[in-house]
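Asks: Dumping the structure here so I can ask a few things about it.
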Amino acid sequence: MYSEHKAAQMCAFFLSKEGGKMSHLKLMKLLYLADRESYRRHGYGVSGDAMVSMPHGPVLSQTLDHINGHIQSAPGGWDDWIADKADHQVQLKKKNITRRDLGEMSACDMEVLAAVWKKFGRMDRWAISDYTHKHCAEWEDPNGSSNPIPREKILQAVGYSKKHAKEIAAMRREEEAIDSLLQRPA
Numbered sequence: 155m156y157s158e159h160k161a162a163q164m165c166a167f168f169l170s171k172e173g174g175k176m177s178h179l180k181l182m183k184l185l186y187l188a189d190r191e192s193y194r195r196h197g198y199g200v201s202g203d204a205m206v207s208m209p210h211g212p213v214l215s216q217t218l219d220h221i222n223g224h225i226q227s228a229p230g231g232w233d234d235w236i237a238d239k240a241d242h243q244v245q246l247k248k249k250n251i252t253r254r255d256l257g258e259m260s261a262c263d264m265e266v267l268a269a270v271w272k273k274f275g276r277m278d279r280w281a282i283s284d285y286t287h288k289h290c291a292e293w294e295d296p297n298g299s300s301n302p303i304p305r306e307k308i309l310q311a312v313g314y315s316k317k318h319a320k321e322i323a324a325m326r327r328e329e330e331a332i333d334s335l336l337q338r339p340a
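Here the sequence shown stands for residues 155 to 340, numbered as in the working numbering.
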């Protein structure tokens with residue numbers, strides 16, 4: 155299930171590594187690759203966001219909507235961490251982010267973010283976008299639109315068997331249904 159707080163803290167991690175500001179395209183690719191790496195390692199993403207294919211590669215759907223200002227932020231969420239996008243750049247509101255500030259992130263989440271930054275952090279926005287086109291088998295060109303990327307397809311692309319990917323995806327759907335029921339007001 156999507157966590158705005160985790161997505162904002164993922165952004166804060168990557169933005170702090172880049173001096174507080176970066177291209178929204180590069181940030182989105184880092185976020186996508188982090189969720190993808192988490193799927194590879196653990197069978198689930200960090201943010202809980204839905205993944206979609208778009209013309210410049212795969213993205214996290216609701217997180218992109220936050221970056222573009224299309225979703226209202228929850229208290230303590232996106233707007234507390236990330237400034238409105240300007241000139242295709244995303245900027246961190248908070249300065250001097252520490253591990254303690256990123257309280258929504260588990261140790262496993264932090265390992266994933268650090269690994270993704272180490273591998274992709276030096277790439278510019280176009281290089282990382284090209285990388286996702288060439289190396290993310292789950293991405294398909296949507297020809298100017300966007301298409302959902304099924305969880306099973308992501309899991310298979312990162313190395314799970316078709317059978318195991320279906321089992322994991324079914325288990326995640328059940329967990330999300332339970333979470334959704336628990337979050338409903340009485």
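For each residue, glycine too, the CB sits at the ideal point set by N, CA and C.
All values reported here derive from a predicted model rather than from experimental measurement.
Can you tell me where the alpha helix (DSSP H) holding Val200 begins and where it ends?
Replies: Along the sequence shown, read from residue 1 onward, the residue named residue 200 stands at position 46. Neither: Val200 is in no alpha helix (DSSP H) and is coded neither H nor E.
Asks: For Ala240, which of Gly199, Gly223, Glu306, Met325 has the nearest alpha-carbon?
Replies: Translated into the one-based positions of the sequence shown, residue 240 becomes position 86. Selected option, being the one with the closest Cα: Gly223.
Asks: Per DSSP, which one or two residues make a beta bridge with Asn297?
Replies: Position 143 of the sequence shown, counted from the first residue, corresponds to residue 297. According to DSSP, Asn297 bridges with nothing at all.
Asks: May I ask which residues mark the beginning and end of the alpha helix (DSSP H) holding Gln163?
Replies: Against the sequence shown, residue 163 aligns to sequence position 9. 158–171 is the extent of the alpha helix (DSSP H) around Gln163.
Asks: With distances taken from CA atoms, which of Ser260, Asp333, Ser170, Gln310 is nearest Leu246?
Replies: For the purposes of this step, residue 246 is taken as the residue at position 92 of the sequence shown. Considering only alpha carbons, the answer is Ser170.
Asks: Is the beta carbon of Met164 closer than 8 Å to that of Ser201?
Replies: Start at 1 with the first residue of the sequence shown, and residue 201 comes out as number 47. Start at 1 with the first residue of the sequence shown, and residue 164 comes out as number 10. Yes. Within cutoff.
Asks: Can you tell me whether Gln216 is helix, strand or coil according to DSSP?
Replies: Working through the sequence shown from its first residue, we reach residue 216 at position 62. DSSP places Gln216 in helix when its eight states are reduced to three.
Asks: Contact between the segment 226–245 and the segment 184–191: three or more CB pairs below 8 Å?
Replies: In short, these stretches do not touch, since the Cβ pair count stays below three.
Asks: Write down every uninterrupted run of the alpha helix (DSSP H) in the segment 267–323 whose length is 4 residues or greater and which is fully enclosed by it, in chain order.
Replies: Complete alpha helix (DSSP H) runs here, min 4: 279–289, 305–311.
Asks: In chain order, what residues of the same chain lie with their CB nearer than 6 Å to the CB of Asp219, ignoring the 5 residues before and after it?
Replies: Residue mapping note: residue 219 aligns to position 65 of the sequence shown, counting from 1. Excluding residues within five positions, the ones whose Cβ falls inside 6 Å are Ile225.
Asks: If you check the beta carbons only, do Glu341 and Pro209 fall under 8 Å apart?
Replies: Limits of the chain in this structure are 155 at one end and 340 at the other, which puts residue 341 out of reach.
Asks: Evaluate Glu294 with the Cβ neighbour count: other Cβ atoms within 10 Å of its Cβ, from every protein chain shown; 16 or more gives buried, anything less gives exposed.
Replies: The residue given as residue 294 occupies position 140 in the sequence shown. So Glu294 counts as exposed.
Asks: If you measure between the beta carbons of Asp255 and Lys248, is that distance less than 8 Å?
Replies: Working through the sequence shown from its first residue, we reach residue 255 at position 101. Working through the sequence shown from its first residue, we reach residue 248 at position 94. Contact flag set, yes.
Asks: Return the CA-CA distance between Val266 and Glu191, expressed in angstroms with no decimal places.
Replies: Working through the sequence shown from its first residue, we reach residue 266 at position 112. Working through the sequence shown from its first residue, we reach residue 191 at position 37. Spanning the two alpha carbons is a distance of roughly 7 Å.
Asks: I'd like the list of long-range same chain contacts for Ala340, defined as Cβ closer than 7 Å, with 5 residues on each side in sequence excluded.
Replies: Within the sequence shown, the letter at position 186 stands for residue 340. Residue placement at Ala340 is flagged as unreliable, the pLDDT there being 46, under the threshold of 50; a coordinate-derived value is accordingly withheld.
Asks: Taking the straight line between their C-alpha atoms, what separation do you get for His287 and Cys262?
Replies: As a working note, residue 287 is residue 133 in the sequence shown. As a working note, residue 262 is residue 108 in the sequence shown. Rounded to whole angstroms, His287 to Cys262 spans 26 Å at the Cα level.
Asks: So the candidates are Gly174, Val206, Ala166, Ser177; which of them puts its Cα closest to the Cα of Gly298?
Replies: Translated into the one-based positions of the sequence shown, residue 298 becomes position 144. Of the listed residues, the one whose Cα sits closest to Gly298 is Val206.
Asks: Could you spell out the range, first to last residue, of the alpha helix (DSSP H) harbouring Cys182?
Replies: Mapped onto the sequence shown, residue 182 falls at position 28. Strictly speaking, residue 182 in this sequence is Met, with Cys absent from that position. That run of the alpha helix (DSSP H) goes 178–196.
Asks: For Arg279, which of Ile308, His159, His178 has the nearest alpha-carbon?
Replies: Reading the sequence shown from its first residue, position 125 is the one you call residue 279. The shortest Cα separation from Arg279 among Ile308, His159, His178 belongs to His178.
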